[in-house]
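For the record, in the sequence shown the residue sitting at position 204 is 203 according to numbering that gives the first Met the number 0, with numbers rising by one throughout. A virtual CB, placed ideally from N, CA and C, is assigned to each residue, including glycine. Okay, so here's the structure we're looking at.
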Amino acid sequence: MYTQKFQEQQADTSLWTPPVFPGDTIIFFVGRLVREKGVHIPLEALPQILSLCPRVRLVIAGQGPAEGELRQRAADLGISSQVHFTGYIDDRLRNRWYRTAHVAVFPSLYEPFGIVALEAMAAGTPVVVSDTEGLGEIVTHGVDGLKAYPGNPFSLAENILLVLREENLACTLRENALKKVREIYDWDKIAQRTLLLYQEVYSCYRQSPWGRRPWDFLNIFSPGPSARKEVAARPYDLIRHRGALLNLTRGREV
């Protein structure tokens, strides 16, 4: 990912709907509103969080078939006034939410990779994720984020409260996460590592028997100067090169 794009814009709450008032503590989720994303888990966790942090607002960004069910569940829990469904948001608005949110939560029940967690980390937002598949591999608990038990609202609430109430911890998580994203997941660094890997493989290939040109093998097997001269005069062809190698090792003529 290109980490720079998550740090270019400052938050401007005057452009947002719904408005975020000074003093609000923002818990931010972004993703498809489907059950496997675990969006219902922070809803279930919110009453426990509100009992200790009454000025918390849960912002749920995204669209999906579960939106109606989620709205109804918020109403049943009596927390509708503290939950905001933004609907679809573009990248620019998403980045503003990231940069103002006090914590980003990704409580997926199933998540093969978890690019949204990397986006939050790149934006400098502390993350709490469920310890499942890709999310669990990206985050190191207590170092660059916190992990909650999958599908467990109490575990999620405890970890969110840790971030909200422990400012030093939140700062440490933020700094370590940003460092990890820049060093491991930034596209420029990935391209550099990929290039080095190709160079290493090619270097090993050139030093192996398969990396030698056909006339090098003629020198090894010494079929005679005329044959060496004939092969050396041919243009280099990788496919014929490999065929020549097989023939030479089997004692056949090139």
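Where residue i falls: helix, strand or coil (DSSP)
{"i": "F112", "result": "coil"}
{"i": "T24", "result": "strand"}
{"i": "I183", "result": "helix"}
{"i": "S207", "result": "coil"}
{"i": "H140", "result": "strand"}
{"i": "V104", "result": "strand"}
{"i": "A65", "result": "coil"}
{"i": "V200", "result": "helix"}
{"i": "L51", "result": "coil"}
{"i": "A122", "result": "coil"}
{"i": "E174", "result": "helix"}
{"i": "E166", "result": "helix"}
{"i": "N158", "result": "helix"}
{"i": "G133", "result": "helix"}
{"i": "R91", "result": "helix"}
Under 8 Å between C-beta atoms of residue i and residue j
{"i": "S129", "j": "A156", "result": "no"}
{"i": "E43", "j": "P149", "result": "no"}
{"i": "R56", "j": "H39", "result": "no"}
{"i": "Y97", "j": "E118", "result": "yes"}
{"i": "A100", "j": "I26", "result": "yes"}
{"i": "L172", "j": "G144", "result": "yes"}
{"i": "M120", "j": "L160", "result": "no"}
{"i": "V29", "j": "R72", "result": "no"}
Inter-residue Cα distance where the pair is residue i and residue j
{"i": "K179", "j": "D185", "result": "9 Å"}
{"i": "V200", "j": "I189", "result": "16 Å"}
{"i": "Q47", "j": "V142", "result": "25 Å"}
{"i": "I59", "j": "L194", "result": "40 Å"}
{"i": "S50", "j": "P21", "result": "20 Å"}
{"i": "R192", "j": "I183", "result": "10 Å"}
{"i": "T24", "j": "R91", "result": "21 Å"}
{"i": "S202", "j": "E174", "result": "37 Å"}
{"i": "L196", "j": "N167", "result": "38 Å"}
{"i": "Q198", "j": "S207", "result": "14 Å"}
{"i": "S154", "j": "E165", "result": "16 Å"}
{"i": "I114", "j": "H140", "result": "17 Å"}
{"i": "A74", "j": "R54", "result": "18 Å"}
{"i": "R95", "j": "D187", "result": "24 Å"}
Cut-off 6 Å between Cβ atoms - residues of its own chain near residue i, not counting five sequence neighbours on either side
{"i": "V162", "result": "V102, P125, A169"}
{"i": "L45", "result": "L57, I78"}
{"i": "I219", "result": "Reliability fails at I219, whose pLDDT of 48 lies under 50, so the model's placement of it is uncertain and the value that follows must be treated cautiously. For I219, where only same-chain residues beyond five positions count, there are no Cβ hits under 6 Å."}
{"i": "N158", "result": "V127, L145, A147"}
{"i": "I85", "result": "Correcting the residue type first, residue 85 is Thr in the shown sequence and not Ile. Correct list, in chain order: A60."}
Nonlocal neighbours in the same chain, by C-beta distance under 8 Å from residue i, ignoring five residues either side
{"i": "R34", "result": "A65, L108"}
{"i": "L76", "result": "L42, E43, L45, P46"}
{"i": "L32", "result": "V38, I59, G61, Q62, G63, P64, A65, E66, L69"}
{"i": "C52", "result": "T24, L160, L163, R164"}
Cβ shell of residue i (< 7 Å), same chain only, five flanking positions each side left out
{"i": "E132", "result": "Y109, E110, P111"}
{"i": "A116", "result": "F105, V126, V128, L134, I137, V138"}
{"i": "Q81", "result": "L45, L49, V55, R56, L57"}
{"i": "K36", "result": "G30, S107"}
{"i": "D89", "result": "none"}
Residues sharing a beta bridge with residue i, DSSP
{"i": "V33", "result": "In the DSSP output, where bridge partners are listed per residue, V33 has none listed."}
{"i": "F84", "result": "I59"}
{"i": "K146", "result": "V128"}
CB contact check: residue i to chain D, cutoff 8 Å
{"i": "V29", "result": "Among the protein chains of the structure shown there is no chain D, as only one such chain exists."}
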